[in-house]
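Data first, discussion second: the structure below is written as structure tokens.
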Amino acid sequence: MSYLDYSVRRIPTGFQRLAYINLPIIVILITIAAIGFMMLFSVAGGSTEPWAKVQMTRFSIGFAMMLIIAFIPIWFWRNISGLAYFISLFLLLLVEFFGVSGMGAVRWLDLGFMRLQPSELVKVTVIMFLASYYDWLPRNKVSNVVWIIVPLLIILLPVFLVIRQPDLGTALLILLGGLSIMFIAGVSWFYFAISGLGILTFLFSIFYFRGTEFQFLKDYQYRRIDTFLDPASDPLGAGYHITQSKIALGSGGFSGRGFMQGTQSRLNFLPEKHTDFIFTTLAEEFGFIGGISLLGLYFLLIIFCGLVALACRDRYSGLVVSGITMTFFLYFAVNMAMVMGLAPVVGVPLPLVSYGGSAMFVLMVAFGIIQSADIHRAR
Amino acid sequence: MKDKEFDPAISARSMVRRGVLIFGLQGIFVAGLAARMRFLQIDQADEYRLLAEENRINVRLVPPSRGLVYDREGLLIASNVQNYRAIIIREDVEDLESLLNNLQTLLKISDEKKQAIRKLVLKHSPFVPITVLNNLSWSNVAKISANAPVLHGLTADVGLNRHYPRGADYAHLLGYVGPVSDFDLKRRDDHDPLLKIPRFQIGKTGVEAKLESALRGNAGTKRIEVNAKGRVIRELSRQESSPGQSVQMTIDTGLQNFALARLGKKSASAVVMRVDNGDLLSMASSPSFDTNLFVEGISTNDYAALRDNEFRPLADKSVQGIYPPGSTFKMVIALAALDEGLIKPNEKIRCDGHIELADRKFHCWKRLGHEEITLTEALEQSCDVFFYDLALRVGIEKITRMAQRLGIGIKYNLPLSGVAKGLTPTKNWKLKTQGESWVLGDTLNVGIGQGYVLASPLQLAVMAARIASGKVVEPRIIKRINGVEQKISNQLKLDIDPNALGIIRSGMYEVSNGVKGTARKSKIAINEISMAAKTGTSQVRNITSKERETGVIPNEKLPYNRRDHALFVGFAPYSQPKYAIAVVVEHGGGGSKVAAPIARDIMLRALYEQIPPLDAYPEEQRAKIAKRFKNLKLNPVLKPNLNKGNA
Numbered sequence: 113m114s115y116l117d118y119s120v121r122r123i124p125t126g127f128q129r130l131a132y133i134n135l136p137i138i139v140i141l142i143t144i145a146a147i148g149f150m151m152l153f154s155v156a157g158g159s160t161e162p163w164a165k166v167q168m169t170r171f172s173i174g175f176a177m178m179l180i181i182a183f184i185p186i187w188f189w190r191n192i193s194g195l196a197y198f199i200s201l202f203l204l205l206l207v208e209f210f211g212v213s214g215m216g217a218v219r220w221l222d223l224g225f226m227r228l229q230p231s232e233l234v235k236v237t238v239i240m241f242l243a244s245y246y247d248w249l250p251r252n253k254v255s256n257v258v259w260i261i262v263p264l265l266i267i268l269l270p271v272f273l274v275i276r277q278p279d280l281g282t283a284l285l286i287l288l289g290g291l292s293i294m295f296i297a298g299v300s301w302f303y304f305a306i307s308g309l310g311i312l313t314f315l316f317s318i319f320y321f322r323g324t325e326f327q328f329l330k331d332y333q334y335r336r337i338d339t340f341l342d343p344a345s346d347p348l349g350a351g352y353h354i355t356q357s358k359i360a361l362g363s364g365g366f367s368g369r370g371f372m373q374g375t376q377s378r379l380n381f382l383p384e385k386h387t388d389f390i391f392t393t394l395a396e397e398f399g400f401i402g403g404i405s406l407l408g409l410y411f412l413l414i415i416f417c418g419l420v421a422l423a424c425r426d427r428y429s430g431l432v433v434s435g436i437t438m439t440f441f442l443y444f445a446v447n448m449a450m451v452m453g454l455a456p457v458v459g460v461p462l463p464l465v466s467y468g469g470s471a472m473f474v475l476m477v478a479f480g481i482i483q484s485a486d487i488h489r490a491r
Numbered sequence: 295m296k297d298k299e300f301d302p303a304i305s306a307r308s309m310v311r312r313g314v315l316i317f318g319l320q321g322i323f324v325a326g327l328a329a330r331m332r333f334l335q336i337d338q339a340d341e342y343r344l345l346a347e348e349n350r351i352n353v354r355l356v357p358p359s360r361g362l363v364y365d366r367e368g369l370l371i372a373s374n375v376q377n378y379r380a381i382i383i384r385e386d387v388e389d390l391e392s393l394l395n396n397l398q399t400l401l402k403i404s405d406e407k408k409q410a411i412r413k414l415v416l417k418h419s420p421f422v423p424i425t426v427l428n429n430l431s432w433s434n435v436a437k438i439s440a441n442a443p444v445l446h447g448l449t450a451d452v453g454l455n456r457h458y459p460r461g462a463d464y465a466h467l468l469g470y471v472g473p474v475s476d477f478d479l480k481r482r483d484d485h486d487p488l489l490k491i492p493r494f495q496i497g498k499t500g501v502e503a504k505l506e507s508a509l510r511g512n513a514g515t516k517r518i519e520v521n522a523k524g525r526v527i528r529e530l531s532r533q534e535s536s537p538g539q540s541v542q543m544t545i546d547t548g549l550q551n552f553a554l555a556r557l558g559k560k561s562a563s564a565v566v567m568r569v570d571n572g573d574l575l576s577m578a579s580s581p582s583f584d585t586n587l588f589v590e591g592i593s594t595n596d597y598a599a600l601r602d603n604e605f606r607p608l609a610d611k612s613v614q615g616i617y618p619p620g621s622t623f624k625m626v627i628a629l630a631a632l633d634e635g636l637i638k639p640n641e642k643i644r645c646d647g648h649i650e651l652a653d654r655k656f657h658c659w660k661r662l663g664h665e666e667i668t669l670t671e672a673l674e675q676s677c678d679v680f681f682y683d684l685a686l687r688v689g690i691e692k693i694t695r696m697a698q699r700l701g702i703g704i705k706y707n708l709p710l711s712g713v714a715k716g717l718t719p720t721k722n723w724k725l726k727t728q729g730e731s732w733v734l735g736d737t738l739n740v741g742i743g744q745g746y747v748l749a750s751p752l753q754l755a756v757m758a759a760r761i762a763s764g765k766v767v768e769p770r771i772i773k774r775i776n777g778v779e780q781k782i783s784n785q786l787k788l789d790i791d792p793n794a795l796g797i798i799r800s801g802m803y804e805v806s807n808g809v810k811g812t813a814r815k816s817k818i819a820i821n822e823i824s825m826a827a828k829t830g831t832s833q834v835r836n837i838t839s840k841e842r843e844t845g846v847i848p849n850e851k852l853p854y855n856r857r858d859h860a861l862f863v864g865f866a867p868y869s870q871p872k873y874a875i876a877v878v879v880e881h882g883g884g885g886s887k888v889a890a891p892i893a894r895d896i897m898l899r900a901l902y903e904q905i906p907p908l909d910a911y912p913e914e915q916r917a918k919i920a921k922r923f924k925n926l927k928l929n930p931v932l933k934p935n936l937n938k939g940n941a
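Residue numbers (this note's numbering), protein chains in the order written: chain A, 113 to 491; chain B, 295 to 941.
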């Protein structure tokens, strides 16, 4: 950049910032959330109780949080990245000791007014911390072995804690989100090739050690993988979810049964129809058109976030926006793949649509950071 | 070359390159998802629609039957009875109005009931089965079945309801079940899907609530095939529910019923306990109520009547009620003094009818005093001054410690609602809660079981049992769960000099059998089973010095809630103690006059295991006793087919 660049480019300040809010992202967010409200209304049998109303309140609060975060300069968020990471890691540790259990897993901290799921929080703080790490690290050291171990530790520490809860889906999201930042930051292809081989070996050993006392996964996790590979083998047992969700999806057809007319998702075939499996209701009631529209909206959101990442001038902003975009992508991609029988059933919610407070708040905070990066870039 | 490669501009370009690469991968994945969606929803739509329409599999829960409860003899005291009910699934209803009209003409239900049903049905999601009518007669069930064509969406089925064959006898111990409320769901961290079944019954109070996890059992599931309307076509597979575990209590229903009848309409409670293992044979709290009223939801009027009753029938006075123990606390003082060596067995203390402390007069119940008396005589005649003196010698901290060793001020771990801890005060306690420091006058009051000390009837019974056996007896109310005998606590020896205990026991013997004993009028006439006891009368009010001069107002002339509590503790037989008893009659008046006769009757009933023969009573009282027994409103126990084995 020449001196001229600096003199021409400037960063919006004060109320000017209002003019630089990324409106497309906000419009898409609201549209997706509105679809979520509708689906929760429908799943409850045409009632705002018990889910839709709460979800609307959460979205409103999240939206306000997003705006506040957006107007705080991105360098502030860079500077507190490390702090945010360690606080979230601490909360994750607290879950280990004081966590509240629900549905067979210990994921929540009871804060009195809400139940916080620190593993959701960690998804974003890991990305923030890694981005600030690569912002700080001289670029000629990026592929140095020592400087690769550090980010790996940053990623693997929370991954380990989350796996213990046990929550395989979230652990996978944190891992992939973190690795994507390392990749974009310029870590040599060589390492990714090696670790690719490593993962293959790992997958092999997971099955090789199955049934022995060294087995890596819990029995139910093995069963989920089995039934993913062949759901027909046990349609009423462990393969039940996948089979039922495919039936619900498929029976929606091209245009769906119509709003509130879904029978499959309504007749209690699916236990988590308001959280992880909410897409089945949408796909049954609005058919292929509805499903593809939501997918399109998600993709559009990714495109706009990608554009923000490209436009960012500083390394931190570019990395943090890319990382958050990647995580968001993983959310909906893994959830949809799972519902459509393309991935094993792991507990990942459909972002902004599934009922759940922690995920909603964390996503809105993350979009707040993207907005902040966009507003405060040199123009 | 290396340096050139890490030129910032090149690095930034590499970042963009890699970012675009990832974005491309994401695009490919999304395209894959879209293709899959197309495959499922367009290419294979017909196939899946067919699956959905014609072969829908629904999973329903099969509720378990709740565990049965037996008394110590194997008599069933909580059972499940079949309940025919009508269920509406709104989704299946074609026209709710015509359905309700048809139902009304068919079963002759009132208009209000019809309104209530409409409201109930519209409140829930359309796919939830809602119980709209309960306890249908068989002829009504037949009517519903026969008229099924005009009652689309309504079905009759059979469920299980809790029934308490001896409702009032066990109202406070067993408690009752009721439908799950939102409050229950919030309060407990319980994610059992059973709780979501409309009107599923869970324990609300007493053993039913405290042993809920054992009694509830586990849900089964059945997979059923349903048609497009959700109507059951056939059952595919069924995993039976496992019934709740059975529970056997230590209570003897016959004795419990007798005790309740004997307490009559008084606001009172009686606890009978075995001194060897702590088994509670009876824990009566009167007045009682019929728990069956609560099972299907009690009417507002009935509930208000119970709630507002001055005698508090809903409270379990035997464990929740705490009272100043009055003179029954004197054993604690005496044992503390003997244990510390602060009084010798033959030592005499002079009673002048009162003692003075810091210009305040503390009176003995006998105005003229007892002259010089020993410890056993003081117990026999319940001399207050004697125990004022002892209490001053021992001090409050040691009194409290002795009270706790004897079981007062301790919260017992019984599966009952609201088990009270009572109160054994210390100097620190007073400073902390009252903000005042302890004064000697407080110690004097505690010396006769007044002031800050509070005990429940259960704790008084435990005290009597421990004095009788010399062992650390712990109360037990659950004998077996699922046929497994429940733990009896270690029968450690009380850490008190056996001679001291012997002196106390003989003092208590004199109370019941001595010429001047306060309970001599309620003695047992047969020597082999004679009772050792202590009466107590605890004041609820202060007697002013002015009132003492003009003469203390007798209880009968006071308003009800200002009258004294009547208390009695004891054990029998004296020579070989078997049972301990505690009786408290709220605002009943004098312990010797009111509580002692009741306690004797209940104790004899426990010893004889039937209505006691008149020989056990002194001759001059027999006519009166016979008349009393004739008027008792008993609900006799029919001897059960002894199935102790599977209880």
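The C-beta atom is built at its ideal place from N, Cα and C for all residues, glycine as well.
Remember, it's a predicted structure, so these values are computed and weren't measured experimentally.
Contact check, residue i vs residue j under 8 angstroms by CB: the rounded distance?
{"i": "B:Leu505", "j": "B:Val613", "result": "16 angstroms between Cβ atoms; not a contact."}
{"i": "B:Ile496", "j": "B:Asp478", "result": "6 angstroms"}
Where does residue i sit, in a helix, a strand or coil, going by DSSP?
{"i": "B:Ala874", "result": "strand"}
{"i": "B:Gly777", "result": "coil"}
{"i": "A:Arg122", "result": "coil"}
{"i": "A:Tyr132", "result": "helix"}
{"i": "B:Ser763", "result": "helix"}
{"i": "B:Ala372", "result": "strand"}
{"i": "B:Tyr706", "result": "coil"}
{"i": "A:Trp220", "result": "strand"}
{"i": "A:Ala456", "result": "Rather than Ala, the amino acid found at residue 456 of chain A in this sequence is Pro. Three-state DSSP puts A:Pro456 in coil, outside helix and strand."}
Have a look at the DSSP bridge pairing and note the partners of residue i.
{"i": "B:His648", "result": "B:His657"}
{"i": "B:Ala859", "result": "Note on identity: in this sequence residue 859 of chain B is His, with Ala being the wrong assignment. Its beta-bridge partners are B:Ser832."}
{"i": "B:Ala564", "result": "B:Ala578 and B:Val877"}
{"i": "B:Asn377", "result": "B:Gly453"}
{"i": "B:Leu757", "result": "Checking the sequence shown, residue 757 of chain B turns out to be Met, not Leu. DSSP lists no partner for B:Met757."}
{"i": "B:Val353", "result": "B:Arg517"}
{"i": "B:Val363", "result": "B:Ala372 and B:Val541"}
{"i": "A:Val254", "result": "BP columns for A:Val254 are empty, so no partner."}
Pick from the options: whose alpha carbon is nearest that of residue i?
{"i": "B:Asp633", "options": "B:Leu908, B:Glu341 and B:Pro792", "result": "B:Pro792"}
{"i": "A:Leu233", "options": "A:Asp486, A:Gly468, A:His488 and A:Arg489", "result": "A:Gly468"}
{"i": "B:Glu914", "options": "B:Ser816, B:Val879 and B:Phe862", "result": "B:Ser816"}
{"i": "B:Ala826", "options": "B:Ile820, B:Glu804 and B:Gly845", "result": "B:Glu804"}
{"i": "A:Leu329", "options": "A:Met294, A:Pro278, A:Thr143 and A:Ile184", "result": "A:Pro278"}
{"i": "A:Ala478", "options": "A:Met178, A:Leu152 and A:Asn256", "result": "A:Met178"}
{"i": "B:Pro607", "options": "B:Ile616, B:Pro581, B:Ala631 and B:Asp596", "result": "B:Pro581"}
{"i": "B:Val767", "options": "B:Lys840, B:Arg568, B:Glu822 and B:Thr727", "result": "B:Arg568"}
{"i": "A:Ala455", "options": "B:Gly326, B:Glu674 and B:Ser305", "result": "B:Gly326"}
{"i": "B:Lys924", "options": "B:Ala555, B:Val501, B:Gly538 and B:Ser536", "result": "B:Ala555"}
With a threshold of 8 angstroms between beta-carbons, can residue i be considered close to chain C, or not?
{"i": "B:Gln320", "result": "The question asks about chain C, but that chain is absent: this structure's protein chains are A and B."}
Please indicate yes or no: does the CB of residue i lie closer than 7 angstroms to some heavy atom of the ligand MG?
{"i": "B:Asn377", "result": "No copy of the ligand MG appears in this structure; indeed no ligand is present at all."}
| Is there contact here, the region 432 to 448 of chain B with the region 390 to 409 of chain B, by at least three beta-carbon pairs under 8 angstroms? | By the Cβ criterion, the region 432 to 448 of chain B is in contact with the region 390 to 409 of chain B, since at least three pairs of Cβ atoms, one from each stretch, lie closer than 8 angstroms.
Could you tell me whether the region 463 to 472 of chain B touches the region 334 to 347 of chain B, where touching means 3 or more Cβ pairs closer than 8 angstroms? In this structure the region 463 to 472 of chain B does not touch the region 334 to 347 of chain B; the number of beta carbon pairs closer than 8 angstroms is below three.
Say whether the region 876 to 883 of chain B touches the region 844 to 858 of chain B, bearing in mind that this needs 3 or more beta-carbon pairs closer than 8 angstroms, one atom from each stretch.
Yes, the region 876 to 883 of chain B touches the region 844 to 858 of chain B.
Flag this pair as touching only if the region 744 to 757 of chain B and the region 615 to 629 of chain B have three or more C-beta atom pairs under 8 angstroms; answer yes or no. The region 744 to 757 of chain B makes contact with the region 615 to 629 of chain B; the number of CB pairs closer than 8 angstroms reaches 3 or more.
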